[in-house]
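For reference, the structure discussed in these notes is given below.
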Amino acid sequence: MVESKEELVLEGGDSICFACHQGLPCFTRCCRDVNIYLTPYDVLRMRRALGMGSSEFLSRYTRSFLAKVTHVPVVQLLMDPETLNCLLVTDEGCRIYDDRPWACRMYPLDINPRKPGSYRLIAGADKCFGLKEAQSWTLKEWLSSQGIEPYERMEALYQSIMPAGFKPGGIMDAGLGKLIFLAYDLDIFMEMVKDPKFRKLHEISEPEFNEAMSNDEKLLELAFGYIKGQLEELYGLA
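The sequence shown begins at 1 in the UniProt record's numbering and counts up one residue at a time.
Take a look at the structure:
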């Protein structure tokens with residue numbers, strides 16, 4: 001564990017003491033007036049937990065747009081305009097806790113961009129009283145307890161379709177941004193896939209189609225594959 005004036009970094013077998021529960025005076029404060037940017041898999045899990053389609057979820061619970069300069073798809077979770085609380089949080093906690101987004105699962109940790117495989121503490125015990133609790137976790141135990149594995153797997157697939165050499169904050173073509181946004185709004189992609197002509201053109205087999213229609217994760221993976229293929233064909237990107 002590395003500690004500095006700026007941040008505490010955890011890696012390998014490092015441990016952290018943390019527990020979040022309703023008895024803490026700060027309970028749900030971290031869900032207020034915060035910028036939470038969603039991944040395609042976040043959207044899939046959240047809208048499914050709420051029993052709605054992706055288009056409805058994006059309209060009701062997010063601010064979705066292409067960044068003005070970079071044209072990168074951005075999906076930001078909305079806060080209540082009056083209270084600034086997350087729209088999915090009550091006094092008892094998150095309404096969709098089992099399907100909460102990656103950023104919420106990781107809190108009070110975040111990926112350390114300076115060193116792959118390590119994480120940084122982004123909250124202090126003065127605001128997050130859970131850090132004063134006695135329960136101790138190794139980094140591996142914490143990640144496992146938060147169900148991070150499928151999120152990391154899907155995020156790796158998502159990042160694999162991004163143009164080679166593209167860096168966060170970089171600029172991409174607006175049409176490219178709209179294409180990538182299909183990964184967020186699977187309702188639109190599903191309608192595309194239902195067209196037999198589309199499936200024939202993009203060589204989607206009947207078994208692949210049937211599996212995607214009954215499995216949201218497979219539909220997302222199919223969308224990733226389609227987007228990657230289009231990037232290669234239309235934009236010469238691989």
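Each residue gets a CB set at the ideal place from its N, CA and C atoms; glycine is no exception.
Here the structure is a predicted model, which is why all the values come from computation and not from measurement.
Extent of the continuous beta strand (DSSP E) run through residue i
i, result
"residue 120", "119 to 121"
"residue 241", "Residue 241 lies beyond the range of the chain shown here (1 to 238); nothing can be said about it."
"residue 63", "62 to 66"
"residue 113", "Careful: residue 113 lies outside any beta strand (DSSP E) and carries neither H nor E."
"residue 73", "73 to 77"
Local Cβ density within 10 Å of residue i, reported as buried at 16 or more and exposed below that
i, result
"residue 3", "Legend: pLDDT at residue 3 = 45, less than 50; position of this residue unreliable, no value from coordinates given."
"residue 47", "buried"
"residue 97", "exposed"
"residue 69", "exposed"
"residue 5", "Note that residue 5 scores 42 on pLDDT, short of 50, meaning its location in the model is unreliable; the coordinates nonetheless yield the value given after this. By the 10 Å Cβ count, residue 5 comes out exposed."
"residue 223", "buried"
"residue 39", "buried"
"residue 71", "buried"
"residue 90", "exposed"
"residue 192", "exposed"
"residue 42", "buried"
"residue 207", "exposed"
"residue 174", "exposed"
"residue 60", "exposed"
"residue 139", "buried"
"residue 153", "exposed"
Within 9 Å, strictly: CB atoms of residue i and residue j
i, j, result
"residue 58", "residue 195", "no"
"residue 29", "residue 127", "yes"
"residue 34", "residue 112", "no"
"residue 17", "residue 179", "no"
"residue 240", "residue 77", "Nothing can be reported for residue 240: it is not among the residues displayed for the chain, which extend from 1 to 238."
"residue 100", "residue 109", "no"
"residue 134", "residue 19", "yes"
"residue 221", "residue 143", "no"
Residue interval of the alpha helix (DSSP H) (run including residue i)
i, result
"residue 105", "102 to 106"
"residue 196", "196 to 201"
"residue 193", "186 to 193"
"residue 205", "Element bounds for residue 205: n/a, residue is neither H nor E."
"residue 150", "149 to 161"
"residue 217", "216 to 234"
Among the options, the one whose alpha carbon lies nearest that of residue i
i, options, result
"residue 56", "224, 227, 187, 216", "187"
"residue 239", "229, 95, 21", "Since the first and last residues shown for the chain are 1 and 238, residue 239 lies out of range."
"residue 182", "209, 219, 213", "219"
"residue 84", "208, 65, 36", "36"
"residue 124", "231, 26, 227", "26"
"residue 80", "211, 32, 139", "32"
"residue 116", "176, 207, 11", "11"
"residue 233", "176, 148, 99", "176"
"residue 189", "149, 45, 53", "53"
"residue 49", "225, 205, 159, 216", "216"
"residue 229", "135, 203, 102, 213", "203"
"residue 102", "122, 146, 93", "146"
Original post:
Can you list, in chain order, the stretches of the alpha helix (DSSP H) that have 4 or more residues and sit fully within the region 15 to 46?
Top reply: Contiguous alpha helix (DSSP H) elements confined to the region 15 to 46 do not occur, taking only those with 4 or more residues.
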